[in-house]
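This report concerns only the one structure given below.
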Amino acid sequence: MADIIKLLPDHVANQIAAGEVVQRPASVVKELLENAIDAGATNIKLIVKDGGKALIQVVDNGIGMSETDARLSFERHATSKISCAEDLFNLNTKGFRGEALASIAAIAHVDVQTKPENAELGSFLKIEGSKITAQDVAATPKGTSIAVKNLFFNIPARRNFLKSNQVELRHITDEFQRVALVHFDVAFQFYNNGSELFNLPKENFRQRIVHVFGAKMNERLVPVEEETEVVKVSGFICKPEFARKSRGEQFFFANGRFIKSPYLHHAIGAAFEGLIKSEMQPGYFLFLNVDPKAIDINIHPTKTEVKFDDENTLYAILRSTIKHSLGQFNVVPSLDFEH
Ligand code: ADP
Ligand code: MG
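For the sequence shown, the working numbering assigns the number 5 to the initial residue and increments by one for each residue that follows.
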């Protein structure tokens, strides 16, 4: 029998990988914002058009890229953030897979402008479906601008699967808020179809929460602070009387990244037991800092699911810490329980 196995060409492999990293415009927003953060930006601008279907652009004032790095950044497994397997267990950056830009470029039209601080001129690159189609020098400020147009132009099934502009914008806003909340020391602007949705100055965490969710938050927040050998917990919970029926303002940030954890969410619910009705959801904005070696964020490409070494201990600490904060700030049941 003749040999039938062949290696997939790079552009096909990239398109397959892209399906995992990029589900919708909001996935691109997340990757670009995180790259800007990793580049040390202090100001980040997000510009979208038509729910991200026409344009997603992130402009940062971070370290920028040399011309060679700019070309390389769109190759698969090209990353400046890790160099060996050990690094995976000691991550200080959002990215590390070196897959995002390669994936995005496989399924969209991408324009890049970038300049490192000390370079006189920057570079401009155009990449369409994994191929560099134009390149030039560019007079551009320090930092990087990446514009992603016509997402899924070469995967009609995916493009048709996208929801309305309004729904896609909602997903983008969710991603934006997650990144903006955790990086309160970075200034952000966010524009949709030319109108400004957010303009956030560098500020503290409380101010950022109020800026993102409105002045009503001012009276709702109760500070949380605890440090043990296993974890440092900090941030805010919302007073019980502001609990809501629907899930809404609930944020865990583990070592600086937004995570989803039904298990730890349950711990918060347990701390509020007796203070809110069982069908109500308490609001929270909590940072959990653990030893990077005690957390595995390499289990899913989008990195919102993570694995903690000692989840049971974390659960117990979280519950008692929240209970303590509720008690300390004289938060007492204000609801009339119906029986
Ligand atoms: P990862 O973030 O996992 O390293 P990406 O595909 O997102 O992979 O990016 C590849 C590389 O491109 C990064 O490691 C970084 O060196 C460079 N890069 C991407 N975005 C930026 C940016 N906004 N500023 C500076 N460098 C960037
Ligand atoms: Mg990245």
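The C-beta atom is built at its ideal place from N, Cα and C for all residues, glycine as well.
These numbers come from a predicted model, not from an experiment.
Contacts around residue i, its chain only, beta-carbon distance under 6 Å, and the 5 residues preceding and following it disregarded
{"i": "E229", "result": "S238"}
{"i": "K10", "result": "none"}
Other residues of its chain near residue i: CB distance less than 7 Å, five sequence neighbours each side excluded
{"i": "I20", "result": "none"}
{"i": "D140", "result": "F128"}
{"i": "V45", "result": "Correcting the residue identity first, residue 45 is Ala in this sequence and not Val. Closer than 7 Å at the Cβ level, and outside the excluded window around A45, lie D64, N65, G66, G147 and V190."}
{"i": "F246", "result": "R224 and G287"}
Limits of the alpha helix (DSSP H) - the one that residue i falls within
{"i": "F209", "result": "F209 to F217"}
{"i": "G147", "result": "Run containing G147: none in the alpha helix (DSSP H); it sits in the beta strand (DSSP E), G147 to K153."}
{"i": "E179", "result": "N169 to V186"}
{"i": "G331", "result": "E315 to Q332"}
{"i": "A21", "result": "D14 to V25"}
{"i": "R261", "result": "R261 -> not in any alpha helix (DSSP H); beta strand (DSSP E) instead, spanning R261 to I263."}
{"i": "I108", "result": "A104 to A110"}
{"i": "P160", "result": "P160 to F165"}
Neighbourhood of residue i by C-beta distance below 8 Å, restricted to the same chain and skipping five residues each side
{"i": "Q181", "result": "V216"}
{"i": "F341", "result": "Confidence is the limiting factor: at F341 the pLDDT is only 46, short of 50, which leaves the residue's position unreliable, though a coordinate-based value still follows. Cβ neighbours of F341 beyond the five flanking positions: K281."}
{"i": "D178", "result": "A30"}
Length of the line joining the Cα atoms of residue i and residue j
{"i": "C242", "j": "A109", "result": "41 Å"}
{"i": "H343", "j": "Q254", "result": "With a pLDDT of 41 at H343, under the threshold of 50, the predicted position of this residue should be treated as unreliable, though the coordinate-derived value follows. When rounded, the distance between both Cα atoms is 28 Å."}
{"i": "D189", "j": "E207", "result": "6 Å"}
{"i": "R75", "j": "A142", "result": "14 Å"}
{"i": "F233", "j": "N122", "result": "A quick correction: the sequence has Glu, not Phe, at residue 233. Answer to the nearest angstrom: the Cα atoms are 42 Å apart."}
{"i": "K135", "j": "E223", "result": "53 Å"}
{"i": "T148", "j": "L173", "result": "23 Å"}
{"i": "Q27", "j": "N39", "result": "18 Å"}
{"i": "E35", "j": "M5", "result": "45 Å"}
{"i": "A22", "j": "E132", "result": "14 Å"}
{"i": "A258", "j": "L330", "result": "22 Å"}
{"i": "V116", "j": "Y288", "result": "37 Å"}
{"i": "R210", "j": "L105", "result": "33 Å"}
{"i": "F256", "j": "K130", "result": "37 Å"}
{"i": "S77", "j": "G102", "result": "8 Å"}
{"i": "G252", "j": "L12", "result": "43 Å"}
{"i": "E200", "j": "H15", "result": "36 Å"}
{"i": "F240", "j": "I8", "result": "59 Å"}
{"i": "F194", "j": "V32", "result": "15 Å"}
Segment limits, beta strand (DSSP E) that includes residue i
{"i": "D295", "result": "Where D295 is concerned, there is no enclosing beta strand (DSSP E), given that its DSSP letter is neither H nor E."}
{"i": "H113", "result": "H113 to K119"}
Task: Residue ranges of each alpha helix (DSSP H) within the stretch 27–77, 4 or longer - done: Scanning the stretch 27–77 from its first residue to its last, the whole alpha helix (DSSP H) runs of 4-plus residues come out as 29–42 and 71–76.
Task: Segment contact flag, the stretch 52–63 with the stretch 149–163, C-beta cutoff 8 Å, min 3 pairs - done: The stretch 52–63, when compared against the stretch 149–163, does touch it at the 8 Å Cβ threshold.
Open item on the list: Would you call the stretch 152–160 in contact with the stretch 110–122, where contact means no fewer than 3 C-beta pairs closer than 8 Å?
Closed with: Put simply, the stretch 152–160 touches the stretch 110–122. At least three CB pairs are less than 8 Å apart.
TODO: Tell me, please, whether the stretch 307–315 touches the stretch 272–280 by the rule of three or more beta-carbon pairs shorter than 8 Å.
DONE: no
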